[in-house]
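For the record, in the sequence shown the residue sitting at position 54 is 154 according to the working numbering, with numbers rising by one throughout. We put the CB at the ideal spot given by N, CA and C, even for glycine. Input: a single structure, listed below in structure tokens.
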Amino acid sequence: MAAVLIEKLRLIETKYAETNKKYKKSRGKRRKAFFYELIKLKKEWKNIKRKLHNHFRPIVLERDNYKCRVCGSTEDLELARLFEDSLVLLVKSQKEQKLFKYSGPYRTPEERYSMENMFILCKKCHRRFDSFTGRLWRMGPKAITSIQEAIEILRDKELFEKPPFPKINQR
Ligand SMILES: [Zn+2]
Numbered sequence: 101m102a103a104v105l106i107e108k109l110r111l112i113e114t115k116y117a118e119t120n121k122k123y124k125k126s127r128g129k130r131r132k133a134f135f136y137e138l139i140k141l142k143k144e145w146k147n148i149k150r151k152l153h154n155h156f157r158p159i160v161l162e163r164d165n166y167k168c169r170v171c172g173s174t175e176d177l178e179l180a181r182l183f184e185d186s187l188v189l190l191v192k193s194q195k196e197q198k199l200f201k202y203s204g205p206y207r208t209p210e211e212r213y214s215m216e217n218m219f220i221l222c223k224k225c226h227r228r229f230d231s232f233t234g235r236l237w238r239m240g241p242k243a244i245t246s247i248q249e250a251i252e253i254l255r256d257k258e259l260f261e262k263p264p265f266p267k268i269n270q271r
């Protein structure tokens with residue numbers, strides 16, 4: 101079931117990017133039609149994302165023994181993912197993507213919903229993780245590549261404040 105949903109998400113994202121290109125190039129009635137098409141696609145996209153979340157949450161909860169991977173709490177557990185979903189990233193050029201301060205480069209649905217890139221965090225640790233990833237992009241697209249790294253950073257106050265990554269994204 102998950103593979104089907106991930107494939108659906110990939111197809112919608114491809115279509116969204118194509119439609120967005122047509123939308124940008126067109127004028128008048130045609131433009132309006134593409135605009136509504138984009139809204140429709142976004143709705144479908146959100147729907148599938150919700151289904152994926154509902155599918156994976158119990159599976160990852162079981163794998164992670166119903167505990168926050170950082171502090172061990174058993175309350176307010178949430179499914180966290182290393183890479184976020186973004187339609188905005190999808191339609192921007194690589195160069196423009198670098199201007200986004202609060203997210204990384206575009207990742208495929210396969211990467212985003214891979215078991216290796218999902219883990220369980222309590223609400224509090226999840227917020228800290230989100231705040232960290234908020235700073236992440238400026239540190240470079242390869243700043244966090246694994247759950248293990250994320251856990252180490254979240255457990256260490258010093259690492260969290262001053263991660264050992266270059267401040268500006270230079271590739
Ligand atoms: Zn926690």
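### Query
Which residue's Cα is closest to the Cα of M215: R181, P263, F135 and V191?
R181
### Query
Taking the C-alpha atoms as reference points, what is the distance between P263 and G234?
13 Å
### Task
Please name the residue or residues paired with R157 in a DSSP beta bridge.
R157 is not bridged to any residue.
### From C171, R207 and I220, residue whose alpha carbon lies closest to that of L177
I220
### Supposed contact pair R110 and P209 - C-beta distance, whole angstroms, cut 8 Å
5 Å
### Task
Could you tell me if R150 is buried or exposed, where buried requires 16 or more neighbouring beta carbons within 10 angstroms of its beta carbon?
exposed
### Task
Confirm the yes/no value for this check: CB of L221, any heavy atom of ligand 1, distance under 7 Å.
yes
### Query
For F219, which beta-bridge partners are listed by DSSP?
A180
### CA-to-CA distance, V170 to A133, given in whole angstroms
47 Å
### Message
Can you give me the C-alpha to C-alpha distance between M101 and L189, rounded to a whole angstrom?
### Response
26 Å
### Cα-Cα separation, E261 to C222
20 Å
### Task
Look up P263 in the DSSP assignment and say whether it is helix, strand or coil.
coil
### Query
Just to confirm, does S173 get its C-beta within under 7 Å of one of the non-hydrogen atoms of ligand 1?
yes
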